[in-house]
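Engineer:
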Amino acid sequence: MPRTEAGRSPSVHEAVAPTQFALSSMFAGFLLLALSFSVFGVFGVAVGPALLGIVVYVRSAKSPGQALGRLALASLGLLLLSCLIVPAVAAVAVRAEVRRSLCGLYLHQIHGALCNYRDSYVRLPPVEQRDSSGKPMHSWRVLVLPFVDEENLYRQYDFSEPWDGPKNRNLAGSPGTAPSAPFLYQCPSAGAAFPPSTTSYLAVVGPDGDWLDQDVPGPRENPVRVIEVYNSDTTWMERRDISLEELCRPSSGSKSVSISSNHQEPSGFFHDAQPMGAQAVFADGSVRLIPSGVSADVLRAALAGDRKKQTELVPNDTRKVNWPNCASLASLVTVFLLTLVWPRRKASRTTTEERSKGSVCL
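Numbering follows numbering that gives the first Met the number 0, in which position 37 of the sequence shown is assigned residue number 36; successive positions increment by one, without gaps.
(1) Apply the 10 Å Cβ neighbour rule to residue 121 and answer buried if 16 or more other Cβ atoms are within range, or exposed otherwise.
(2) Hey, could you find the ends of the beta strand (DSSP E) residue 227 is sitting in?
(3) So which of 157, 129, 285 has the shortest CA-CA distance to residue 209?
(4) Within its chain, find whatever has a CB closer than 6 Å to the CB of residue 142; leave out the 5 residues flanking it on each side and keep chain order.
(5) Classify residue 59 as helix, strand or coil using the three-state DSSP reduction.
(6) According to DSSP, is residue 149 helix, strand or coil?
(7) Keeping to the same chain, check which residues put their C-beta closer than 6 Å to that of residue 242; ignore five residues upstream and five downstream.
(8) Using DSSP with H/G/I as helix, E/B as strand and the rest coil, what is residue 156?
(9) Exposed or buried, which one is residue 68 when buried takes at least 16 other CB atoms within 10 Å?
(10) Determine, using beta-carbon pairs with one atom in the stretch 273-291 and one in the stretch 107-118, whether at least three such pairs fall under 8 Å.
(11) Identify, in the order they occur along the chain, each residue of the same chain with its Cβ nearer than 6 Å to the Cβ of residue 70, setting aside the five sequence neighbours on each side.
(12) Measuring alpha carbon to alpha carbon, tell me which of 294, 306, 327, 276 ends up nearest residue 99.
(13) Using the beta-carbon count (16 or more within 10 Å), is residue 82 buried or exposed?
(14) If we ignore side chains and look at the alpha-carbon of each, how far apart do residue 174 and residue 95 end up?
(15) Curious, which full-length beta strand (DSSP E) runs of at least 3 residues does the stretch 120-145 contain?
(16) Thinking C-beta only, is residue 147 closer than 7 Å to residue 180?
(17) So does the stretch 34-48 actually touch the stretch 318-328, counting three or more Cβ pairs closer than 8 Å?
(18) Within the same chain, show all residues whose beta-carbon is closer than 6 Å to that of residue 51, passing over the 5 residues directly before and after it, in chain order.
(19) Taking the continuous alpha helix (DSSP H) assigned at residue 340, which residues delimit it?
(20) Roughly how many whole angstroms lie between the Cα atoms of residue 201 and residue 292?
(21) Indicate the three-state DSSP secondary structure (helix, strand or coil) for residue 257 in the structure shown.
(22) Quick check on the burial criterion: 16 or more other C-beta atoms within 10 angstroms. Buried or exposed for residue 187?
(23) If you run the structure through DSSP and keep just helix, strand and coil, what is residue 288?
(24) Could you compute how far the alpha carbon of residue 60 sits from the alpha carbon of residue 339?
(25) Around the Cβ of residue 26, are there at least 16 other Cβ atoms within 10 angstroms (buried) or fewer (exposed)?
(26) Using 7 Å as the threshold, is the C-beta distance between residue 235 and residue 184 below it?
(27) Do the stretch 151-160 and the stretch 226-233 meet, that is, are 3 or more Cβ pairs less than 8 Å apart?
(28) Can the beta-carbon of residue 309 be found closer than 7 Å to that of residue 103?
(29) Quick check on residue 203: does DSSP put it in helix, strand or coil?
(30) Excluding five sequence neighbours on each side, which residues of the same chain lie with their C-beta closer than 6 Å to the C-beta of residue 418?
(31) Alpha helix (DSSP H) containing residue 41: first to last residue?
(32) Taking its Cβ as the centre, do 16 or more other Cβ atoms sit within 10 Å of residue 169, making it buried, or is it exposed?
(33) Am I right that residue 362 and residue 145 are in contact with their C-beta atoms under 8 Å? What's the rounded C-beta distance?
(34) Short of 6 Å in beta carbon distance, which residues of its chain neighbour residue 328, apart from the five on each side in sequence? Order them along the chain.
(35) What separation, rounded to the nearest whole angstrom, lies between the Cα atoms of residue 391 and residue 221?
(36) Taking the alpha carbon of residue 33 as the reference point, which residue from 335, 342, 341 has its own alpha carbon closest?
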């Protein structure tokens with residue numbers, strides 16, 4: 000039989016690794032990619048191949064020491080990558096907090112406008128201004144326009160006709176083409192779900208439709224002035240506000256009150272989004288967060304002016320753990336680590352003698 004220069008038979012060859020090893024490697028790679036998409040969503044397009052590249056880079060090392068060095072280098076790269084990603088994710092929560100802070104600032108400025116009106120006219124503006132015959136005509140939100148830097152809009156308003164008269168209606172506009180309400184009258188978290196001419200802030204009134212400290216009998220330490228109702232569907236000029244009883248009326252027979260607000264603590268990887276509640280400004284100028292789920296009795300007493308009950312308006316942490324995300328992350332870490340440390344199979348070498356055992360060489 001002919002021999003090669005190396006003295007080996009042409010039938011002698013190196014055997015490839017068993018087929019099942021190749022299939023297991025492919026399965027582990029696809030599983031790593033799938034879990035990356037499950038955990039990181041669209042960002043899995045970058046994370047999955049990066050993790051797979053780290054596995055190949057580390058496992059191709061020729062010695063344990065070299066593998067450890069490559070693993071340390073790859074870990075440093077992942078750390079630097081996370082330093083770039085985390086600020087981008089945190090920015091979502093920061094924007095939500097900025098919107099909530101602006102909402103509180105707007106309420107504080109509205110309270111300042113009410114106080115300045117009182118300084119000029121001795122009393123707070125009427126919630127509804129009536130004509131000589133007693134017919135309701137104008138909202139307090141119109142009366143305080145000069146005190147919120149809206150003198151020009153105040154001059155355009157025609158006090159000789161109702162708020163929804165022919166001329167005044169043009170100031171409110173219609174959905175889609177409406178002029179925006181004064182920016183102080185809209186919460187930044189309200190979004191684009193409602194026409195820009197609507198307001199997010201309503202006065203809280205007593206049984207006779209006036210401010211609580213002027214309407215409700217008995218001493219009131221620190222009653223609420225204005226509260227956030229982001230889905231009020233109320234035009235900013237409209238003579239429409241909300242009574243204390245409406246706010247404290249349990250919804251659907253439940254014992255708690257649903258506060259109307261679009262403030263939310265953004266969902267994180269490990270928890271879902273959490274409603275934060277609505278904000279309100281009180282007679283002393285303080286802005287408080289009214290947590291969702293507060294009992295009707297506590298809410299009624301706090302809004303009516305009970306300072307002790309106001310201290311009980313503390314938001315509860317009602318966030319729910321996002322278990323699917325937690326399970327996906329745990330699976331991803333497990334598969335990644337197992338793929339790194341799983342022992343490799345050595346390819347078997349078949350010699351001429353083993354291949355031709357039991358046969359006669361010619």
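Beta carbons: idealized from backbone N, C-alpha and C, even for Gly. None of these values were measured; they are calculated from a predicted model.
Structural biologist: From the atom records:
(1) In the sequence shown, residue 121 corresponds to position 122, counting from 1. Looking at its Cβ environment, which holds fewer than 16 other Cβ atoms inside 10 Å, residue 121 is exposed.
(2) Walking along the sequence shown from the start, residue 227 turns up at place 228. Here the beta strand (DSSP E) through residue 227 covers 223-227.
(3) The residue you call residue 209 lines up with position 210 of the sequence shown. Of 157, 129, 285, the residue nearest in Cα terms is 129.
(4) For this step, residue 142 is matched to residue 143 along the sequence shown. Answer for residue 142: 124, listed in chain order.
(5) In the sequence shown, residue 59 corresponds to position 60, counting from 1. In the displayed model, residue 59 falls within coil according to three-state DSSP, outside both helix and strand.
(6) Mapped onto the sequence shown, residue 149 falls at position 150. Residue state, collapsed to three classes: coil.
(7) The count along the sequence shown starts at 1 and reaches residue 242 at position 243. For residue 242, where only same-chain residues beyond five positions count, the Cβ hits under 6 Å are 204.
(8) Here residue 156 corresponds to residue number 157 of the sequence shown, with the count starting at 1. Residue 156 falls in the coil class under three-state DSSP.
(9) By 1-based counting over the sequence shown, the position of residue 68 is 69. With fewer than 16 other Cβ atoms within 10 Å, it is exposed.
(10) yes
(11) Mapped onto the sequence shown, residue 70 falls at position 71. Correct list, in chain order: 57.
(12) As a working note, residue 99 is residue 100 in the sequence shown. That would be 276, whose Cα lies nearest to the Cα of residue 99.
(13) For the purposes of this step, residue 82 is taken as the residue at position 83 of the sequence shown. Classification for residue 82: exposed.
(14) Working through the sequence shown from its first residue, we reach residue 174 at position 175. Working through the sequence shown from its first residue, we reach residue 95 at position 96. Its pLDDT being 40, under 50, residue 174 is placed unreliably in this model, and the value from its coordinates should be taken loosely. One alpha carbon belongs to residue 174, the other to residue 95, and they sit about 26 Å apart.
(15) 127-129, 135-138
(16) Translated into the one-based positions of the sequence shown, residue 180 becomes position 181. Translated into the one-based positions of the sequence shown, residue 147 becomes position 148. Not a contact, by the Cβ cut-off of 7 Å.
(17) yes
(18) As a first step, residue 51 must be located in the sequence shown, where it is residue number 52. Excluding sequence neighbours, residue 51 sits near 28, 31.
(19) Here residue 340 refers to the residue found at position 341 when the sequence shown is read from its first residue. Residue 340 -> alpha helix (DSSP H) spans 322-340.
(20) Locating residue 201 in the sequence shown gives position 202, counting from the first residue. Locating residue 292 in the sequence shown gives position 293, counting from the first residue. Their backbone Cα atoms lie some 20 Å apart in a straight line.
(21) Here residue 257 is taken as the residue at index 258 of the sequence shown, counted from 1. Low confidence applies here, because residue 257 scores a pLDDT of 46, under 50, leaving its location unreliable and the question unanswered by this model.
(22) As a first step, residue 187 must be located in the sequence shown, where it is residue number 188. Answer is buried; the Cβ neighbour count reaches 16.
(23) Position 289 of the sequence shown, counted from the start, is the residue given in the question as residue 288. Correct three-state label for residue 288: strand.
(24) Locating residue 60 in the sequence shown gives position 61, where the first residue counts as 1. Locating residue 339 in the sequence shown gives position 340, where the first residue counts as 1. Rounded to the nearest angstrom, the two C-alpha atoms are 11 Å apart.
(25) Counting from 1 along the sequence shown, the entry for residue 26 is found at position 27. Counting Cβ neighbours within 10 Å, residue 26 comes out exposed, since fewer than 16 surround it.
(26) Indexing the sequence shown from 1 puts residue 235 at position 236. Indexing the sequence shown from 1 puts residue 184 at position 185. For residue 235 and residue 184, yes; Cβs fall inside 7 Å.
(27) no
(28) Stepping through the sequence shown from its first residue, residue 309 is reached at position 310. Stepping through the sequence shown from its first residue, residue 103 is reached at position 104. In this structure, residue 103 does not lie closer than 7 Å to residue 309 by Cβ.
(29) Position 204 of the sequence shown holds residue 203. Strand at residue 203.
(30) With the chain running from 0 to 361 in the structure shown, residue 418 is simply not present.
(31) Locating residue 41 in the sequence shown gives position 42, counting from the first residue. Residue 41 -> no alpha helix (DSSP H), and no H or E assigned at all.
(32) The residue given as residue 169 occupies position 170 in the sequence shown. Residue 169 is exposed by the Cβ-count criterion.
(33) Residue 362 falls outside the range modelled here, since the chain spans only 0 to 361, and no answer is possible.
(34) Translated into positions along the sequence shown, residue 328 becomes position 329. 38.
(35) Only positions 0 to 361 of the chain appear in the structure, and residue 391 is not among them; the question remains open.
(36) Against the sequence shown, residue 33 aligns to sequence position 34. The shortest Cα separation from residue 33 among 335, 342, 341 belongs to 335.
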